[in-house]
Each structure stands twice: as C-alpha cells, then as structure tokens.
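Data first, discussion second: the structure below is written as structure tokens.
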Amino acid sequence: MESTLICVLLLLNTLINSGHSEDDDGVSKAVLTIHPNSSQIFSGESVTLRCVIQGGGVTDWEYRWLTPSPDQCPQKEHVCIISAAEFSHSGDYRCLGSHQQQDSKWSDAVRLTVTPLPKATLTVEPNPVFPGETVTLTCSVRSDSIWSYQWYKERNDNVVSQSVGHTRTGDTLTISNVAESDHGLYWCQGEIQSRSISSIISDLVTITLNALPVASVSVSPQGLLYSGETVSLQCVIPGYTDWRYLWFRDNQQLPSQTSKAIDITIPITQTGQAGQYRCEGLRTDQPQRSQPSDDIIISVTALPKATLTVEPNPVFPGETVTLTCSVESDSIWSYQWYKDRNYSVVTQSVRHTITGDTLTISRAAESDQGLYWCQGEIQSRSISSIISDPVTITLNALPVASVSVSPRGLLYSGETVSLQCVIPGYTDWTYRWFRYNHHLPSQTSKAIDITIPITLTVQLGQYRCEGLRTDRPQRSQPSNVVTISVTALPTASVKIVTPQGLLYPGETVTLQCDISDYTDWTYRWFRYNKKLLIHSRKTITISLPDQAGQYQCVGMRKGRPQKSYHSSALPIIITDYQPKTTLTSDKEDVFTGDRVTLSCTVESPGWKFYWYRHRPDSTPVTTASRYSYTLSRVSVSDGGQYWCRAGRGDPVYYTLYSDPVQINITERPVAVLTLQPNWTQIFIRETVTMRCDIQGGGDTDWNYRWYKNSPVVISFNTKPEYRISPVYMSNSGSYTCEGVKGNKFSKTSDAVKLTVSDQPQPVLSISPQWLNPGDSVTLNCKVDKTSTGWRFSWYRAVPHRAGLPSLSDKSYSLQPLSDNGTSEDSYTLIPAGPTHTGGYVCRAGRGDPVYDTLYSEPQFLWSGDLQPSVSLTVLPNRTQHFTSKSLSLSCELKGNSTGWRLKRHTETAWLPECVSTWRSITESTCTITSLDTWYSGVFWCESGSGEYSNAVNITVNDGDVILESPVHPVTEGDSVPLTCTFRHQGTNPNPKTDFYKDGTLIKNETTGEMTIPTVSKSDEGFYKCKSDEGESPESWVTVRAPGSSTSVLVAVVVGLVVAGVLLVILLVLLVRYQNRKGSCFNRIFWPPQPQRTNQDPQQDQGSTQGQAPDTVYTCLHGDANIYDTINSSDNNDNDVAGASAAGPSHVTYAQIQLKKLAKKKKEKRNYPKDYPVYSEVKTGKATAAGPVDVTYAEVDLQKRAKAKKKRETATPPEPESVYSLVKPYTVPAAAGPVDVTYAEVDLQKKVKTKKKRATPPEADSVYSQLKPRSCPGP
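The letter at position 143 of the sequence shown is residue 172 when you use this note's numbering, and the numbering goes up by one with no holes.
Shown next as structure tokens:
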C-alpha cells in the first residue's frame, strides 16, 4: 500500500507539472545580448556578452554560461568580455541565472562567428591615364556597406584629402584633369569607426601618366620620285590602333582622306613639287587625340635612259666579256639584261654573273653571241628607265690541242712512253705540259719521253698540253687528259698448305706458290736463294726435319708480262718438343642444372680435340674440331675428373694429355621463403618480415634477390630478411626469393602470397542481451575469420571522461574491463547484475609493436527489471504500439537521483539523446506525437555517472493488430492479462482471437483477451495474437521469482556468499575426513535466521510459521565419491508432513567440483594454484507441489595451505573456470522429504586409491545424478 501511494503521488506531481507551459507567469528567463550586435565578428575584435534575467523579481542572480569551449566566460558573472576574438570563440553561447536553488530558463542561443579581417581591394579606371583625363579609384571590402574608406598616396601618413581636383564620395576617389603631379603609388583601407576596426590595406596600385602619342608621316617609296609613279603616305601613331585620321595638303584638310594610308598618283607629265602633306589622329577612347605630324614635301623627277657598253668584242671561246649598264649615277637602280628578243631576259647562271650594273660572261661560248641591250628598274616602285641602244657580241673559235701516246695498250714497269702535243692551224706555239694539273716547267717541246720506273706499280700520271702564242688567239684549248697507267708485275707468294701453326719433327709439310693473274706460268723454287732444279710445279712437299729452311718462288711466261716478282722467303721452323694441351673449366664447383664449359687449348691451330673422363687412356667421351666441350644441365653423376688431348695430320700426330680437371657437382640449394608473422591475413600498417633461408647451401655467405609477381623488388641484399613496415594494399602480391653467391644461384623459393586488407573492425555479440539476474553474460568478439594471433580488449561505454578512449562521436568514453585483455575471443560477466547493464565495445590487437583493429560497433546489455534509483515508464503502458499514435516515455526518478536522460537503440542507430522532433518536455521525458516503424527499438534511462534504468523493447507496428503485454518483468504467481488490440476496434467488437506462445497455439478467445492466472517460469516466452484483422508482432514476457527485486537480490547474494564460504570450508574438512575413514557423517549447522523481505504480507506470514533451524546433511561413502550435495532445510526429516503443510521451506544447495586432484597415500593434499576449486551455493524455497525457487551464488576456493585451519581464497583464472548445474525438482505432497536436488559432478582427473578401480582419461568428464536418499540420523 505504501509503494502504491508513492506511485499515485508521483503521477499527480507529473500531471501538475505537465500542466504548466514554459511561458507561465513568474518563470524567469535569461536574455543574452551581444555587442557589437553583428552576425560577423572579426578576429582581434572585442566582444561583450551580457546576460539579463527578465521576470522573477530577483536581482542577486548567479550566472552560468554555456560556451563553445570551457572557461571562455567567467561563471557567476552576468557579463562575458572577449577582449580579442579568436576563431576558437566561434559557436553558440547561452546563459541562465540561479538564485537559491531556483534557475531561470536558459537564454536563446546567440551564435558568435569569428572571421579573419578582410582585405581591401583597390581598382583604378582608367590606368594608365593621359594628361587632362579623369581617373576613378574604387575601394571595396567584400560587399558590406558598413565600411568607410581612407586613401593614401606614396606614404602611410600622406592621406588624400578632398580638394578641387580630388573628390571623395563613399567608396570612390575621383581625380579630375589629371596632371603630372597625380602620378604615383596609391592604396586604400576600410574602416568601421563605430567598432574601431580597420581592414587589411589593399595592394599598391601605381597610376601612370602617359604622354600623348605623336603622329608622323612615312613616304613610300624613299628617294627621288618620278613622273607617273604612285606615292603612298602613311600616318604612324604609336601605341594604339583605333584612330580616325585627318590629312592636310598645303595646310588644307582633305575631307575624303580618313584612312591611315593614302595613295597619291603623280601624273606622267608632272615634274617639280607635288605638295606639302601632314596628318593627325582622333579616337573615342583615351587618348582621344594625337599630336600632329611634321610637313612632308613631295618632289617629282623625269625618267632617265640606260647606256650599254661591251668589252672585248669580238671574243674567242673561253674569254670573259663584261657588259656595263648605267642610268645616270643613282645607285637605287637595278638592271635587266636582254638578248636577241625583248622578252629574253639574261638570268644569273654559272657563266653569267650579274653584279650591280654589270653582266659578266665567263668562258664565252657560241651560244653567247648575239644582240644585247639593258634597262634600269626600281622594282619596289614598278619604275623602269628608257631602254639602252642594242650591242652585238661576235664569237670566234679557239684551236684545240691533243696528246698522242706510244706504245699503246698496258704499260709495265721499266718501259719508256712517248707523248706528243698536236695543235692545228697555227705554228708559232709554245707548249706547256701538265701532270696531275701541275705545270712541268722543264717540258716545253712538242714531244716528250717518259721512262716508267721498274718499281712503279700504280698510275704513272695524268698528262695534258696546251699552246700559247703572242697574238690572238693567245691560247689554244687544252687537250683532253691522258692517263698513263702502270700495271704491276704479278707477285708470287709461298704458303704452307698443311699443317698450320707450329711444326714438329716427323710431320710432312706441303708448300704452294701462288701468282695472281694469268695461268700459263712456269714456276721456279729456291731454298736459301738457291734454285731447286727438279721442281717446276706449283706445289712441292718436304719432310721434317731434313728439308727445313727458307723457301721462295717466281713465275715465268712468254707474253707481256713475261715474269712475276719473286716471293718473300718463307722460313720452315721446327719445334723440338711434343706439344701439351691445357684443360680449363669455367666452373669447378657447380650445382645441378648448371652449365659447365671445358676448354682445351694448344699452341697452334688445326687440331682435332679428344675428351676423356675418369681415365685418360679410355675411349674418348667425344671428339670435336672445337676446342670447347659443354655439359648442359649437369647432374651429380656428371662430376669427376676430365682430360683432353689434340691431334692433326694423316697419319695423326697427337699432343700430350692435359692435366686433369676436377668437376664437383652438388645438388642445388633450395630457397625457402617464410612470412613472419605467419598470418594468413595481413592488414594495412602492420609490419611484415619475409625471411629467405637457403637449405643445403653449405656456408652462409649468400646474397639474396627478392621478387614480387616475378619482377625483381630488390636485386641485391646481403641480409636474408626483407622487412615491409608499414605494409599497404599496394604491397599485396606473390613473393619469391633466391640466393646468389658469385655466379651461382639457389633454386627460387615457392611463392608466398601476401594479401593486405583494410584495417578490420571486429563484430561484438552479447549473449544474452537481456539480463537474467544471477546468470552469466558472454561477450564474443570476432575479427576476420581468416586472421589469427589476436589478443582482445574489452570496454564498457561510460559517460565521456578525459583520459579514456572515446567513440568517434565523443558521446561515450570506453572503460577497460580488464588491464591486459584476453587471448580468447570471449569475456564472461559472472554473475551479471544490474551494474553490468549498458554498452560494450571490443577491440583486438596483435604483433609487436601492437597493431590494433578499429573499435567494434557498441552492443548493449539490458535489464527489464525495475531499478531502485530510476525506472522507465511507458504511456500507453504496453510494448507494442500502432503507427501514427502517440507515445510518452519518462524516467521516473526515486529519491535524490538527478541527471537522467532518455536513450534509444534501434537496429540501425544508437541515439544518445532525445530527438528534438519528439517534442521533449525535459531531458528525461520524450513524447512522440506520431509514431513510425523506425521508432521501434530499446529505450532506457541513463545518468551522467553511467547508471542505467530498466530497458523497454518498443515495437511500432504499421499493421492493424498489436498485443498488449506487460512492459516490465512479472512475478511468479501474479495474474498476467494479454490483450489483442485492433487499429479499427469499432468495426468488429468481438473478433475471434488466437493466442500463441513461442509459435504454438495456446488459447482461443472471442473477447480478444486472455489471462494467465498464476504465472510461472515456464510461461516465459514470446507471445502473439492472430485474428481475421491480422497478426500482431511477438512480445517477450519475462517471469521473475518472488522477491527477486534488485535490493533483495543483492542482500541475499551477499549473505549467501558469506554462508557459502563457511559451508565450503566445513565441506572440505568432511571430504578430508572421508578420505581417511570412508564412513558416513552427519553434521548440523545453525545458519542465521532469514531476514524479512519486502514480499507481500501473506508470504511473510507463511514463511515464519513452523520455522526450524536450518540443517545441512552430508552423506559420504568410502571413496566412491569425492564430493556430494549438501542440503540445508528448515524442516526435520521426522516431520515431513508438517513441513508440507507449513508452507515454503528454505533450502540451500551446494555443489563442489574438483578439477584436478592427486592423492599420495596419507599425505596431506596439495591444491595447485593452476587448478582451483569452484562451488555454486544455491538457496530457494521449496513447496510441496511446485518447483523450487533457487538463488545462485558462486564461491571460488582457490588454494589450500597446510592443515592449520587457515584458508586462502582467490579469484580463479578465467580460462580454468568450472561450473556445476543444479536442477529444481517437484516432490508430491507428503510423499517423502521436501528438500531434494539433482546435481551433476564433473570429475576430471583422479589418482588411483589403494582399492584399484578404473580412472577415466583427463579429457573426459564423468557426470553422476544424485537422487534423494536416507542417511542415518544424528
């Protein structure tokens, strides 16, 4: 009744408060003003924020400020002055007043935006400027009109002020009638005088004053002007192109002439002065006028006539003729030359050279004779002079010289040649002879004789002649060149046909005499310059060593030439020793698969080579004309000693055997590439080391090559490791390596595939997500399934705290659950209680240095049970709601608890606070005026210190049917109503409704309602309803044991833990005693009397009737069992019926599991630290015809000291935990003992006792079931 009254009072208080709006009279409100009152504050500017409380009739307020960053405004003061604004001051500002635990309303937010000082921009039009023009300077600071402007020239202190020529209007400065003094540097600056703010000064602009352009008249053509010529006058005004031109002749304007250039045609009859001309320019833009040009006088001259002269004339072929043309003495003329016809122009050629006013004809020929005349031209002006009178050139022919040679045909060394110069027509010639175009001064006769030297074997020379005389013609034409060629005598040469190279005693040598040209030779042989009479053939054969010496030969014939030259002497030299071959190998120590080349060398050529293996006198392995023998892709069997020797001639002459060469062949070493760490999955920014080990490589002086996808990554590395730190996705690929030692290589390693992935994010799951008091909760953290080697860190989401890692949105900090994390991917909360509710996050790391994954997305552990400090209430009070309906959720506070906020978690989002569109009344209450399906989710209340209320799972259904079920867990024995509600309730008042539990039909109703009259734990599950209108979603109904509220649960658990410790100590003493005696004992314990709980009065009364001391029984028989079950009851075995009638009894269950126990004769037991003992102590109330209510507690006994009554307890290592299972059992009334339990005992490993019996393997668990039994009384 008391709790009901409190709830009614809280509800009335809520209704009363909800009836007041925010604008009720008497509520003070803070008003925040800002000076300057501008939406834009510049950096460095002073800002004053003033908080004024309106209403309330109180003056001594204390003020609180909300600023973008901490400590930006002094608390308790109503004025906040920012002396120099910075960018960090940007943001929203709010304030409120506090007076004797009364707060005003928060002021509206005032947004402060701090921007950098702007820079002024100066523009000048026009620039440059011409004298007399007007210039406008414009200064702007963005587009804001609040600025005024200052103008500066040349110096910072030289402010441009208002004057006759300078006008300042707003953002412009106008300079009229610009003069030279206005030239210079200008800049400007914006000012807001009311705020003492100046902009950054503008960039400098130079105003340049340019002089007016000056016009000038150019005349084309230059020089004298002739009658009939056209003269072009051009008005040149530099700098601009859009001029309109004015022309004047004899100071009179020519209105029709407005172009830049004008043409004046001089009449053909006019001579003398043609006029004085000048011009000037006008234009629209600046400058609008040029200065006028100077006057130009046009004078006209009559056309002249050309004069032609020729020297010499007539002319002989080969002579040079010069024609000269002149037109007065003016050098501006060029000339045209004509021959035979007016249109036959003489042009420049090899023999015709035109230079200025002359035409030179070199080496005059027949084609050059004829009529010639000339004419002067000025081509640029298209003017021609009057042509000259014609002149005729006559050509006479020269006599031609010729050379005759005797004898005719080929000439040989030693012969005499006669040359004669013949020139017809004239006799008084002086002759000149030339050899290779060089004059022979001593030869002046008509005929000359030349003796060919006997040693000359090439061309004797090229000869020609010509004649000279005194009269014309003074020279004949030179003769053609006659070439005197000398043919060399054929040369004989002696050579050795066989054998080649060094000659050895016993060999036969063949000599041959070769003579080029001709075939009808007779040969003569000489030894030591003495003729060998019996030899006349081309080849001779001699035997060594008797016929060794120096040999020569010569050829003779009947025709020309009659003999050859003697050959050079050929010495036949004998080597007085038998040659020996030298055998070498390019490699001696090789690997299988390599290539080995053996080389056999001897002093002279022409040999055939023989190769031997193992024995030199064996059959050759191979015979070849090449000196090398190659073994390709050798195997181990190819190793051993090798010899060689050479032979030549017929019969064969052999060299000595070479020294042996040993070829050692070993198996090629294998490169083995390993990845460290050897993880199948690598992530970006981890460190990877590849190691290349050469197996079978002998010594360690290897170098290494590394390949990625076949191309070489590192071609030479002395270390066997290749480190990539940090690694990126671009490093993914297939890697191989090989060892290199000089010119030897190992086998390439097998490829190791490196796959680099993006930084992983683990997935956290919580099982179960809804808390069942006393149960354990397991957190599982999964990383990419292909990756290994992780160590896991576990965190609980708490309100934001400095120094702790935070989520990305900074709404929550992450508090570690353990210092060092776990190597397993799971973490268990044992037992899980209300303090464990909230958000959890995990992260994994591996390697050294540690590489961390991303944080997982938060997962939540919720409790549906009401909490002592706050509870979440739902209005309407149900878990399912229709769309478009309203819903109100409130954090109902108890006691002095404050600072609670409403939170929500859906499948797609975790909202840290109430959304403004929900029309939140306070931070702890939200009203949703129109529900939608996306509002479905779990709602709870959370305090600033991290406490959680009960959670409610809200389902918003857009269908036509919902199930009304309890929002909070229900208590066993309560009556639980379930109602099927329809969106359109009036259309079918009494629909037939089916109710389902866990998918199974449990009841049919026509009223749409069903009631579970006495709910039990077995009724817990998913419920839904179905009718013709549709089907509702499922809702979970949670059933709790009586008195399992949080406060009672905590008190009971604490008490049971203490009692359990005492029970375990006593139980251990019994076990030790049983191991010695093997007999049955009974002990009676008197635990404390149970305390009164906040159950209903009827239950409290029943629990005190017939109360008897709690008794603990243990029955231990021999060594068949090490541990058994202890049952504590408040009923004696002699009064079972009375106990059944009296009501529920208090029962205590205890089970102990020994994970590992060794036994050595009668010595005291040792309990290793690594194998702790765990016990579960369970208490409850058993009735005569129902399940037993059980409360669980866990006692961990870790290590036992020697038997001096002292016991140490410690928390067992998490991976080694062992837990037992206790099952409730229902006993018929008056059918036997009430206190009954089932227990499973996990016996993991036992040592044999004196009585032999089988011991199961350590890995297998043995389970036994304990049933009620009678034990002897005390």
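Note that the Cβ used here is the ideal one computed from N, Cα and C, for glycine as well.
- Residue 80 and residue 960 have their C-alpha atoms spaced approximately 39 Å apart.
- Here residue 141 carries a strand assignment [DSSP, helix/strand/coil].
- Annotation for residue 526: 539, 541 place their beta carbon closer than 6 Å to its own, counting only its chain and skipping 5 residues before and after.
- Rounded to whole angstroms, the separation of the alpha carbons of residue 240 and residue 155 is 15 Å.
- Nearest neighbour of residue 218 by Cα position, chosen from 202, 189, 119, 148, turns out to be 148.
- Taking C-beta atoms as the reference points, residue 712 and residue 884 fail to come closer than 8 Å.
- With a cutoff of 8 Å on beta-carbon distance, residue 845 and residue 868 are scored as not near each other.
- The beta carbon of residue 89 sits closer than 8 Å to the beta carbons of 128 from its chain, once the five residues preceding and following it are set aside; these are given in chain order.
- In the three-state reduction of the DSSP assignment, residue 1096 falls in the helix class, which pools H, G and I.
- Here the alpha carbon of residue 684 sits roughly 6 Å from the alpha carbon of residue 674.
- Membership of residue 234 in the beta strand (DSSP E) is indicated by the continuous run 234 to 236.
- Nearest to residue 325 by alpha-carbon distance, out of 1090, 232, 245, is 245.
- Of the residues 414, 808, 508, 328, the one whose Cα lies closest to the Cα of residue 427 is 508.
- Under the DSSP definition of a beta bridge, residue 153 partners with 166.
- Across the set 194, 409, 577, the C-alpha of 577 shows the shortest separation from the C-alpha of residue 600.
- For residue 675, the enclosing beta strand (DSSP E) stretches over residues 669 to 677.
- Contact between the segment 66 to 83 and the segment 114 to 130 is established, with three or more Cβ pairs separated by less than 8 Å.
- Residue 97 has its alpha-carbon roughly 16 Å from the corresponding atom of residue 77.
- In the structure shown, the three-state DSSP call for residue 537 is strand.
- A distance below 8 Å separates the beta carbons of residue 300 and residue 331.
- Annotation for residue 900: 921, 978, 979 place their beta carbon closer than 7 Å to its own, counting only its chain and skipping 5 residues before and after.
- In the DSSP annotation of this structure, the continuous segment of the beta strand (DSSP E) that includes residue 828 starts and ends at 820 to 828.
- Residue 686 carries a coil assignment under DSSP once its states are collapsed to helix, strand and coil.
- Of all alpha-carbon atoms in 502, 894, 109, 548, the one lying nearest the alpha-carbon of residue 341 is that of 502.
- The shortest C-alpha to C-alpha distance from residue 974 to any of 329, 505, 1069, 825 is the one to 825.
- Residue 481 has its alpha-carbon roughly 39 Å from the corresponding atom of residue 394.
- One alpha carbon belongs to residue 320, the other to residue 204, and they sit about 24 Å apart.
- In the DSSP secondary-structure assignment, residue 718 is bridged to 705, 752.
- Residue 861 sits buried, since 16 or more C-beta atoms from the chains shown fall within 10 Å of its C-beta.
- Contact annotation: residue 1066 and residue 1049 have beta-carbon atoms nearer than 8 Å.
- Spatial neighbours of residue 170 in its own chain (CB-CB distance under 6 Å, excluding positions within 5 residues in sequence) are listed in chain order as 147, 149, 176, 219, 228.
- Comparing alpha carbon positions, the residue from 777, 906, 543, 564 closest to residue 741 is 777.
- Linking residue 1098 to residue 801 through their CA atoms gives a straight-line distance of about 34 Å.
- In the three-state scheme derived from DSSP, where H, G and I count as helix and E and B as strand, residue 964 is classed as helix.
- Under the three-state reduction of DSSP, residue 381 is assigned to strand.
- Residue 106 counts as exposed, since fewer than 16 other C-beta atoms from the protein chains shown sit within 10 angstroms of its C-beta.
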